[in-house]
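Asker: Numbering (this note's numbering), first residue to last: 1 to 308. Just so you know, even glycine gets a beta-carbon here, dropped at the ideal spot from N, CA and C. Nothing here was measured: the structure is a model prediction, and the numbers come from that model.
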Amino acid sequence: MISKKALKLVWEYMALTMACFVFAISWECFMIPNGMSAGGLMGLSTVIQYATGGFIPAQYTYFTLNALLIIVAVLAMGIGFGFKTIYCIIVSTLAMQVMSGAVFLHCVPGEFFFVKETILIPVIAGMLEAVGIGLVLRYGGSTGGTDIIALMVNKYWPVSLSKAFLISDLIVISLLLFLPDKSFSDACYGVVEIVTFALIIDFVVGGQKSSYQLMVFSDKYQEIADHIVNKMERGVTVLDAQGWYTKQSRNVLLILISQKEFPALSRVIKEVDPRAFMSVSPTNNVYGEGFDEIKTGIKTNRKKNAAN
């Protein structure tokens with residue numbers, strides 16, 4: 001049992017390491033050599049690199065800002081970041097350092113990966129970044145960056161995570177317009193990268209939808225439910241059911257979970273009860289605490305209503 005867990009842990013960290021290198025290749029081999037930028041913390045880091053004429057490399061800014069964001073998030077929200085997140089940030093920084101020196105892998109004239117059609121460069125980069133970050137998410141890690149910012153914004157303001165990501169990405173891309181050697185077309189390349197990334201990452205993580213509805217049939221439903229409530233801080237509903245063939249009563253767990261949390265939960269269910277039966281249904285929209293806010297089209301003053 002110990003050896004299986006050890007091998008599984010080694011495999012997970014090997015996959016995370018490979019994913020971090022794929023993420024680094026998308027930026028250091030395609031976007032940065034061509035003077036392009038996109039959204040996220042890495043996009044901001046590239047803008048700083050361009051603004052300083054390369055004096056401050058993107059990987060240094062990426063690591064520093066991530067460290068500061070984690071400290072601020074812990075102080076503001078008490079978020080408990082796992083070791084995998086810190087590991088991915090460190091490995092991604094080292095991978096970017098390695099890839100920046102591997103000129104033969106850069107998408108520039110004279111090298112093997114040179115792409116003549118400029119518009120294809122952000123498309124390729126977006127696909128590679130989606131694969132890298134998607135694998136990181138599947139194995140329980142995170143690359144930090146705007147993920148942390150979006151979580152903090154979502155905690156204190158009624159803005160969905162998807163909107164927080166979109167707003168932060170657009171702000172980063174617009175910063176390119178303030179650089180003297182950049183134009184509107186450079187910002188458009190960033191939009192292409194973001195759109196490509198958004199289209200591909202859902203498939204890598206495990207589906208086209210952003211949320212899932214799970215029904216779990218297990219004799220160890222209490223252990224699974226306790227993990228969801230205490231470790232994942234998600235709600236779970238226990239339904240009374242009856243097997244028509246056996247005529248026996250049993251409890252079924254009804255769970256609504258985000259796409260990012262699904263891989264981790266599925267691993268826990270398998271570890272707790274390998275014989276568990278699980279039905280997974282993708283959902284188009286989930287409204288409520290922890291998901292998107294209900295949109296009614298009517299703006300209300302919460303403080304005024306509370307006073308009344």
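Which of helix, strand or coil does DSSP assign to Thr237?
Answerer: Residue state, collapsed to three classes: strand.
Asker: In its own chain, which residues sit with a C-beta less than 8 Å from the C-beta of Leu179, not counting the 5 before and 5 after it?
Answerer: These residues qualify, in order along the chain: Val47, Tyr50 and Ala51.
Asker: Assuming Leu65 and Leu94 form a contact by the criterion Cβ under 8 Å, report the distance between their Cβ atoms to the nearest whole angstrom.
Answerer: Not really, about 16 Å apart at Cβ, beyond 8 Å.
Asker: DSSP state of Ser3, grouped into three classes?
Answerer: The answer is helix: DSSP assigns Ser3 an H, G or I state.
Asker: By Cβ distance below 6 Å, which residues in the same chain neighbour Ala125 in space, the five residues on each side in sequence not counted?
Answerer: Excluding sequence neighbours, Ala125 sits near Ser26, Phe30, Met31 and Glu193.
Asker: Going by DSSP in three states, Thr246 sits in which element: helix, strand or coil?
Answerer: Thr246 falls in the coil class under three-state DSSP.
Asker: Quick one, which of Leu137, Asp186, Lys231 and His227 has its alpha-carbon nearest Ala19's?
Answerer: It is Leu137 whose Cα lies nearest to the Cα of Ala19.
Asker: Within the same chain, show all residues whose beta-carbon is closer than 6 Å to that of Gly190, passing over the 5 residues directly before and after it, in chain order.
Answerer: Answer for Gly190: Ser37, Ala38 and Ile173, listed in chain order.
Asker: Have a look at Ile119, Leu175, Ala24 and Ser185 and flag the residue whose alpha-carbon is nearest the alpha-carbon of Ser92.
Answerer: Of Ile119, Leu175, Ala24 and Ser185, the residue nearest in Cα terms is Ala24.
Asker: By alpha-carbon positions, which one of Leu199, Asp240, Pro33 and Ile224 ends up nearest to Ala130?
Answerer: Here the closest residue by C-alpha is Leu199.
Asker: Taking all protein chains shown into account, do 16 or more other C-beta atoms lie within 10 angstroms of the C-beta of Asp181, making it buried, or fewer, making it exposed?
Answerer: Label assigned to Asp181: exposed.
Asker: Report the three-state DSSP secondary structure of Gly207 (helix, strand or coil).
Answerer: Reliability fails at Gly207, whose pLDDT of 49 lies under 50, so the model's placement of it is uncertain and no value is given.
Asker: Checking the sheet assignment: what are the DSSP bridge partners for Gln213?
Answerer: Gln213 is bridged to Leu256 and Ser281.
Asker: Return yes when the Cβ of Ile224 is within less than 8 Å of the Cβ of Val272, no when it is not.
Answerer: Cβ distance < 8 Å, so Val272 and Ile224 count as in contact.
Asker: Relative to the ligand NAD, is the shortest distance from any of its heavy atoms to the C-beta of Phe21 smaller than 7 Å?
Answerer: For the ligand NAD, the structure offers nothing, since it holds no ligand at all.
Asker: Which partner residues does Asn66 have in the DSSP bridge list?
Answerer: Answer is none; Asn66 lacks a bridge partner.
Asker: Could you give the distance in angstroms between the alpha-carbon of Ser258 and the alpha-carbon of Val280?
Answerer: So the alpha carbons of these two residues sit roughly 12 Å apart.
Asker: Using the Cα positions of Glu319 and Gly132, report the straight-line distance between them to the nearest angstrom.
Answerer: Nothing in the structure corresponds to residue 319, since the chain is present only between 1 and 308.
Asker: Would you mind working out which of Val115, Thr237 and Thr17 sits nearest Met96, comparing C-alpha positions?
Answerer: The shortest C-alpha separation from Met96 is found at Thr17.
Asker: Applying the criterion that 16 or more other CB atoms from any shown protein chain within 10 Å of the CB defines a buried residue, is Phe63 buried or exposed?
Answerer: With 16 or more Cβ atoms within 10 Å of its Cβ, Phe63 is classed as buried.
Asker: What would DSSP say about Ala15, mapped onto helix, strand or coil?
Answerer: Note: Ala15 maps to helix in three-state DSSP.
Asker: How far does the alpha helix (DSSP H) with Cys88 in it extend, from its first residue to its last?
Answerer: Here the alpha helix (DSSP H) through Cys88 covers Phe83 to Gly101.
Asker: Alpha carbon to alpha carbon, how far is Val252 from Gly235?
Answerer: Approximately 14 Å between the Cα atoms of the pair.
Asker: Using alpha carbons as the reference points, say which of Ile119, Thr246, Val123 and Ala58 lies closest to Ile201.
Answerer: Taking only the C-alpha atoms, the option nearest Ile201 is Val123.
Asker: Closest to Ile70 by CA distance: which of Ile56, Ile86 and Gln59 is it?
Answerer: Cα-wise, what sits closest to Ile70 is Ile86.
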